[in-house]
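Only one structure is covered here, and it is reproduced in the block below.
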Amino acid sequence: MNNAISHHKEKANNNHLNNDAIKLFDQTLEFVSLIVHDLQGPIASMKTLTKFLMSGKYNPENDTHAALVRSCKNALERTESIIQDLLDSADQGDFALRLNNDLCDLRDIVKNSADALAGSAYDYAVSLRLDLPKKPAIVKIDRYYLARVIDNLIFNALKHSPCGKSVIIRLVSHNSEYVISITDQGSGLNEDDKDVIFDKYSQGSLRKNGKYRGVGLGLYFCKLAICAMGGRIWVESTSGEGASFKIALKAEESD
Ligand SMILES: Nc1ncnc2c1ncn2[C@@H]1O[C@H](COP(=O)(O)OP(=O)(O)OP(=O)(O)O)[C@@H](O)[C@H]1O
Ligand SMILES: [Mg+2]
Numbered sequence: 220m221n222n223a224i225s226h227h228k229e230k231a232n233n234n235h236l237n238n239d240a241i242k243l244f245d246q247t248l249e250f251v252s253l254i255v256h257d258l259q260g261p262i263a264s265m266k267t268l269t270k271f272l273m274s275g276k277y278n279p280e281n282d283t284h285a286a287l288v289r290s291c292k293n294a295l296e297r298t299e300s301i302i303q304d305l306l307d308s309a310d311q312g313d314f315a316l317r318l319n320n321d322l323c324d325l326r327d328i329v330k331n332s333a334d335a336l337a338g339s340a341y342d343y344a345v346s347l348r349l350d351l352p353k354k355p356a357i358v359k360i361d362r363y364y365l366a367r368v369i370d371n372l373i374f375n376a377l378k379h380s381p382c383g384k385s386v387i388i389r390l391v392s393h394n395s396e397y398v399i400s401i402t403d404q405g406s407g408l409n410e411d412d413k414d415v416i417f418d419k420y421s422q423g424s425l426r427k428n429g430k431y432r433g434v435g436l437g438l439y440f441c442k443l444a445i446c447a448m449g450g451r452i453w454v455e456s457t458s459g460e461g462a463s464f465k466i467a468l469k470a471e472e473s474d
């Protein structure tokens, strides 16, 4: 991916395009890469359901099976909204994060993400657990971008979880903020990796294997989007003992 970008840049330079054009090209390429990247989670969920339906085992009376169908519907809606964002940007000729902040209840956004990725969780044989407060958790943020961030963190947690383990998605109120945490029981991160994993195309030192693939764009996007919303994102982890990715967002007064 890095090579492809520098190749195109070089081409643009050779064609004597000015710096603004090169910058616009970079920005557009990054925007499109991030969109394509974030389609992976919902598509994986839809693929699981399709495979399941084709296996002939589907039983609408079974709660797990019914949850898979809901997951597929949710994942389809996710896919539509991500594609719509791309089309809107193309229409406006503006390939940058365009935040549309409004008041949202974080419980809905977190629950929707968990629903959308239930199909992937099933595929990885990992259980997704939600721990949400009873009271509304109101923040002023862009719900579309936050959903993409949480999807990314859940998808990472699933990819790094051994079969049969759990991923816990928790939402708590802390001082004047709400903190969302996505905690897994996977391999965790060493200190060096913690410093670099939010950088573009960084995958730390974890060796890629058949189960775990990627390009290192997810956490870069998460940081970009959360910082643009005025929040904070970080990881807490001890190597070998799982990881907990956390997002803090300023709480708004609820009526
Ligand atoms: N839950 C996790 N447990 C352990 N390491 C993680 C976890 N989430 C992310 N990482 C580390 O951070 C790196 C960067 O994550 P990021 O989501 O940016 O990229 P990726 O998942 O490798 O690829 P992709 O571009 O498909 O998201 C990962 O390659 C991995 O080394
Ligand atoms: Mg990722």
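Residue numbers (the working numbering): 220 to 474.
Glycine included, each C-beta is placed from N, C-alpha and C at the ideal position.
Please read these numbers as outputs of a predicted model, since none were measured by experiment.
_DSSP beta-bridge partners of His393_ = Here residue 393 is taken as the residue at index 174 of the sequence shown, counted from 1. Answer by DSSP bridge pairing, in chain order: Glu396.
_Pick from Asp313, Asn281 and Ile452 that is closest to Ser463, judged by C-alpha positions_ = Position 244 of the sequence shown holds residue 463. Nearest option by C-alpha distance: Ile452.
*How would you call Val345, buried or exposed, if buried means at least 16 neighbouring beta carbons within 10 angstroms?*
Taking the first residue of the sequence shown as position 1, residue 345 is located at position 126. Within a 10 Å sphere around the beta-carbon of Val345 sit 16 or more other beta-carbons, which makes this residue buried.
*Find the nearest neighbour of Val415 within the set Ile466, Tyr341, Leu438 and His393, judged by alpha-carbon distance.*
Locating residue 415 in the sequence shown gives position 196, counting from the first residue. When only C-alpha atoms are compared, the closest one is Leu438.
_Simplified DSSP state of Glu471, which is helix, strand or coil_ = For the purposes of this step, residue 471 is identified with residue 252 of the sequence shown, where counting begins at 1. In the structure shown, Glu471 falls within a coil segment according to DSSP collapsed to helix, strand and coil.
*Curious, which full-length beta strand (DSSP E) runs of at least 3 residues does the segment 314-397 contain?*
Runs found: 321-324, 346-350, 357-360 and 385-393.
*Sequence-distant residues of its chain with Cβ nearer than 7 Å to Phe314 (five each side left out)*: Position 95 of the sequence shown, counted from the first residue, corresponds to residue 314. Answer for Phe314: Gln246, Thr247, Phe250 and Ser308, listed in chain order.
*Check whether the Cβ atoms of Glu455 and Lys442 lie closer than 8 Å to each other.*
The residue you call residue 455 lines up with position 236 of the sequence shown. The residue you call residue 442 lines up with position 223 of the sequence shown. No, these two residues do not count as a Cβ contact at 8 Å.
*Look up Glu460 in the DSSP assignment and say whether it is helix, strand or coil.*
Numbered from 1 along the sequence shown, position 241 holds the residue referred to as residue 460. Of the three classes helix, strand and coil, the one that applies to Glu460 here is coil, per DSSP.
*Counting only the same chain and skipping the five closest in sequence on each side, list residues whose C-beta sits under 8 Å from that of Ile328.*
Working through the sequence shown from its first residue, we reach residue 328 at position 109. Counting only Cβ-Cβ distances below 8 Å, and skipping sequence neighbours, we find Arg362, Leu365, Ala366 and Ile369.
*Identity of the residues DSSP links to Thr402 by a beta bridge*: Position 183 of the sequence shown, counted from the first residue, corresponds to residue 402. Beta-bridge pairing links Thr402 to Ile387 and Ser463.
_Starting from Gln303, trace the alpha helix (DSSP H) in both directions and tell me its first and last residue._
Counted from its first residue, the sequence shown places residue 303 at position 84. Counting along the chain, the alpha helix (DSSP H) containing Gln303 begins and ends at Asp282 to Gln311.
_Quick test of your reading: Gly405 and Ser380, contact by CB under 8 Å. State the CB separation rounded to the nearest angstrom._
The residue given as residue 405 occupies position 186 in the sequence shown. The residue given as residue 380 occupies position 161 in the sequence shown. Gly405 to Ser380, Cβ: 5 Å. Contact.
_Neighbour-count burial assignment, Ala240, 16 or more Cβ in a 10 Å radius_ = Within the sequence shown, residue 240 is the residue found at index 21, counting from 1. Looking at its Cβ environment, which holds fewer than 16 other Cβ atoms inside 10 Å, Ala240 is exposed.
_Residue(s) in a DSSP beta bridge with Val454_ = On the sequence shown, position 235 is the one that residue 454 refers to. Val454 is bridged to Phe464.
*asked:* According to DSSP, simplified to helix, strand and coil, what is Lys419?
replied: Numbered from its first residue, the sequence shown carries residue 419 at position 200. Coil, per DSSP.
*Classify Met448 as helix, strand or coil using the three-state DSSP reduction.*
Locating residue 448 in the sequence shown gives position 229, where the first residue counts as 1. Looking at Met448 - three-state DSSP - the assignment turns out to be coil, as it is neither helix nor strand.
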